[in-house]
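**Q**
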Amino acid sequence: MGVISEKKFIKGMDISTMLELEQLGAKFYDSDGDGRNLLAILQEYGTNAVRLRLWNHPYSKDGEPYGAGTNDMETAMELAGRAKDRGMDVLLDLHYSDFWADPGKQIKPKAWYDFTGKRLESAVYDFTMAVLREFQREGVLPDMVQVGNELSNGLLWPDGKRPDYESIAMLVNAGIHGVRDIEPDIPVMLHLDNGGNNALYREWFDSYFASDGEDFDVIGLSYYPFWHGSLDDLEYNMNDIALRYGKELVVAEVSMGFTMEDYASYEKLGPSQRKGMATKPELVKKIDYPMTKQGQAEFMKDFLKRISNVPKGLGKGFFYWEPAWIPVPGSGWATEASLKYMKDPGPCGNEWANQALFDYEGRPLPALGVIKDF
Numbered sequence: 001m002g003v004i005s006e007k008k009f010i011k012g013m014d015i016s017t018m019l020e021l022e023q024l025g026a027k028f029y030d031s032d033g034d035g036r037n038l039l040a041i042l043q044e045y046g047t048n049a050v051r052l053r054l055w056n057h058p059y060s061k062d063g064e065p066y067g068a069g070t071n072d073m074e075t076a077m078e079l080a081g082r083a084k085d086r087g088m089d090v091l092l093d094l095h096y097s098d099f100w101a102d103p104g105k106q107i108k109p110k111a112w113y114d115f116t117g118k119r120l121e122s123a124v125y126d127f128t129m130a131v132l133r134e135f136q137r138e139g140v141l142p143d144m145v146q147v148g149n150e151l152s153n154g155l156l157w158p159d160g161k162r163p164d165y166e167s168i169a170m171l172v173n174a175g176i177h178g179v180r181d182i183e184p185d186i187p188v189m190l191h192l193d194n195g196g197n198n199a200l201y202r203e204w205f206d207s208y209f210a211s212d213g214e215d216f217d218v219i220g221l222s223y224y225p226f227w228h229g230s231l232d233d234l235e236y237n238m239n240d241i242a243l244r245y246g247k248e249l250v251v252a253e254v255s256m257g258f259t260m261e262d263y264a265s266y267e268k269l270g271p272s273q274r275k276g277m278a279t280k281p282e283l284v285k286k287i288d289y290p291m292t293k294q295g296q297a298e299f300m301k302d303f304l305k306r307i308s309n310v311p312k313g314l315g316k317g318f319f320y321w322e323p324a325w326i327p328v329p330g331s332g333w334a335t336e337a338s339l340k341y342m343k344d345p346g347p348c349g350n351e352w353a354n355q356a357l358f359d360y361e362g363r364p365l366p367a368l369g370v371i372k373d374f
């Protein structure tokens with residue numbers, strides 16, 4: 001039995017880039033300075049679950065990988081197996097896209113490009129079933145499934161684009177039925193971004209249920225303090241939606257920076273080849289905590305308190321987003337091939353290294369100790 005089925009507090013990590021980082025030679029160290037396996041270190045710091053994204057086909061027509069972990073089925077199953085070997089639970093995050101799906105883009109998989117209506121719904125249902133059947137066959141069935149990623153503006157555009165909640169509900173329902181028809185007891189999560197925006201959550205879930213959206217189990221939230229308001233905003237929203245919908249809540253994505261020191265020398269990319277950190281100085285001004293190792297630890301302490309105080313015990317935990325995405329040459333948020341798929345001008349590079357729970361050399365930061373002691 002795992003933390004999810006036993007309703008214990010989830011101390012989770014999204015480690016979707018782990019295999020890529022290992023292949024590129026990233027090294028991680030425990031508190032004694034000994035080089036160790038990343039999952040072993042995270043487990044020592046209390047991690048009891050992992051979140052893994054799955055992209056339908058993260059490759060160009062010529063087979064060039066899209067990067068950022070290139071999280072295809074094989075990668076996701078290997079990571080799930082390694083986590084389960086350590087007794088950790090797995091949240092599988094189905095993007096229903098060949099690459100990143102978020103409020104700014106929900107691009108149909110290339111194979112579904114001209115699908116609409118019932119044909120698109122069937123594709124979602126069949127794909128969900130096929131994925132879970134494969135995981136089941138390998139003995140790594142996930143403990144929770146996320147149907148879509150950051151659905152604030154819908155999924156599979158243009159068909160399921162907000163405010164067309166009827167189409168959103170039909171596509172989400174197809175995914176939920178796909179999960180239930182393989183294993184009725186797997187909890188299903190629906191996940192939005194902007195965790196401090198209560199108006200968004202009320203509008204979305206009210207409209208979803210009014211459009212005959214299937215019942216589900218867990219509301220997932222993304223919360224990044226430089227984008228999504230204060231911890232007070234997050235707390236207000238969590239407390240409100242927990243009572244309004246009676247659902248368990250999990251912060252499916254969270255992070256906080258520990259430095260503003262650049263890591264260009266680690267990436268070995270020229271200025272025009274790298275995007276640089278997501279936490280631009282004007283965004284950092286919005287954060288109530290300093291971007292220091294101690295500031296990151298204090299943030300985590302206060303963040304954990306807010307989740308555990310959600311009414312009726314409905315705050316079930318969190319997944320820290322990419323805690324080990326340290327700057328190693330060759331690992332970034334995209335490749336030239338995926339930029340074409342997204343019609344994004346780029347550039348590539350790692351945007352996240354200053355928000356990891358390890359420093360640029362792979363040494364654990366104090367925030368991990370906060371998670372362990374909570």
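The opening position of the sequence shown corresponds to residue 1 in my numbering, with each subsequent residue numbered one higher.
Here a beta-carbon is modelled for each residue, glycine too, at the ideal position from N, C-alpha and C.
(1) Looking at chain D, is there any beta carbon in it that lies within less than 8 Å of the beta carbon of residue 223?
(2) The beta strand (DSSP E) with residue 89 in it runs from where to where?
(3) Can you name, in chain order, every residue of its own chain whose Cβ lies under 7 Å from the Cβ of residue 366, other than the five neighbours on each side?
(4) Can you give me the start and stop residues for the alpha helix (DSSP H) that residue 177 sits inside?
(5) Write down the C-beta distance between residue 333 and residue 275 rounded to the nearest angstrom, noting that I regard them as a contact closer than 8 Å.
(6) Would you kindly work out how many angstroms separate the C-alpha atoms of residue 287 and residue 242, rounded to a whole number?
(7) Within the stretch 39-98, note down every full alpha helix (DSSP H) run reaching 4 residues or more, in order along the chain.
(8) By DSSP, does residue 3 sit in helix, in strand, or in coil?
(9) Following the continuous beta strand (DSSP E) through residue 253, name the residue where it begins and the one where it ends.
(10) Would you tell me roughly how many angstroms separate the C-alpha atoms of residue 117 and residue 32, rounded to the nearest one?
(11) Any idea which residues DSSP pairs residue 376 with across the strands?
(12) Could you spell out where the alpha helix (DSSP H) holding residue 157 opens and where it closes?
(13) Taking just the CA atoms, how far does residue 247 sit from residue 114?
(14) Starting from residue 369, trace the alpha helix (DSSP H) both ways and give me its first and last residue.
(15) Please state whether DSSP places residue 293 in a helix, a strand or coil.
(16) Specify, as a first and last residue, the run of the alpha helix (DSSP H) that residue 277 falls within.
(17) Kindly list the residues whose CB is nearer than 8 Å to the CB of residue 77, restricted to its own chain and excluding five residues on each side of it in sequence; keep chain order.
(18) What does DSSP give as the partner residues of residue 28 in its beta bridges?
(19) Using 8 Å for Cβ pairs, my map puts residue 191 next to residue 148. What's the rounded Cβ distance?
(20) For the beta strand (DSSP E) containing residue 10, name the first residue and the last one.
(21) Using the beta-carbon count (16 or more within 10 Å), is residue 108 buried or exposed?
(22) Taking Cβ positions, are residue 196 and residue 230 nearer each other than 8 Å?
(23) Please list, in chain order, all residues of the same chain as residue 72 whose beta carbon is under 6 Å from its beta carbon, the five residues on each side excluded.
(24) Apply the 10 Å Cβ neighbour rule to residue 336 and answer buried if 16 or more other Cβ atoms are within range, or exposed otherwise.
(25) Put residue 146 into one of helix, strand or coil per three-state DSSP.
**A** If we stick to the structure as given:
(1) In the structure shown, chain D cannot be found, because there is only a single protein chain.
(2) Where residue 89 is concerned, the enclosing beta strand (DSSP E) stretches over 89-94.
(3) Cβ neighbours of residue 366 beyond the five flanking positions: 293, 294, 297.
(4) Per DSSP, residue 177 belongs to the alpha helix (DSSP H) from 165-180.
(5) The Cβ separation is near 7 Å, so the contact holds.
(6) If you take the alpha carbons of residue 287 and residue 242, they lie about 25 Å apart.
(7) With a minimum length of 4 residues, the continuous alpha helix (DSSP H) runs that stay inside the stretch 39-98 are 73-85.
(8) It is coil, neither helix nor strand.
(9) It spans 248-254 - the beta strand (DSSP E) in which residue 253 sits, taken as one unbroken run.
(10) Spanning the two alpha carbons is a distance of roughly 56 Å.
(11) Coverage of the chain is limited to positions 1 through 374, which leaves residue 376 absent and any answer about it impossible.
(12) Premise fails: residue 157 is in no alpha helix (DSSP H) and is neither H nor E.
(13) When rounded, the distance between both Cα atoms is 35 Å.
(14) Run containing residue 369: 366-373, per the alpha helix (DSSP H) assignment.
(15) Of the three classes helix, strand and coil, the one that applies to residue 293 here is helix, per DSSP.
(16) Premise fails: residue 277 is in no alpha helix (DSSP H) and is neither H nor E.
(17) Once the five neighbours on either side are set aside, the close Cβ partners of residue 77 are 134, 135, 138, 140.
(18) Its beta-bridge partners are 36.
(19) Right, the Cβ-Cβ distance comes to about 7 Å (below 8 Å), so this counts as a contact.
(20) First-last of the beta strand (DSSP E) with residue 10: 10-14.
(21) Label assigned to residue 108: buried.
(22) Yes, Cβ-Cβ distance for residue 196 and residue 230 is below 8 Å.
(23) The residues are 58.
(24) By the neighbour-count criterion, in which a residue is buried when 16 or more other Cβ atoms sit within 10 angstroms of its Cβ, residue 336 is exposed.
(25) Assignment of residue 146 by DSSP, reduced to helix, strand and coil, places it in the strand class.
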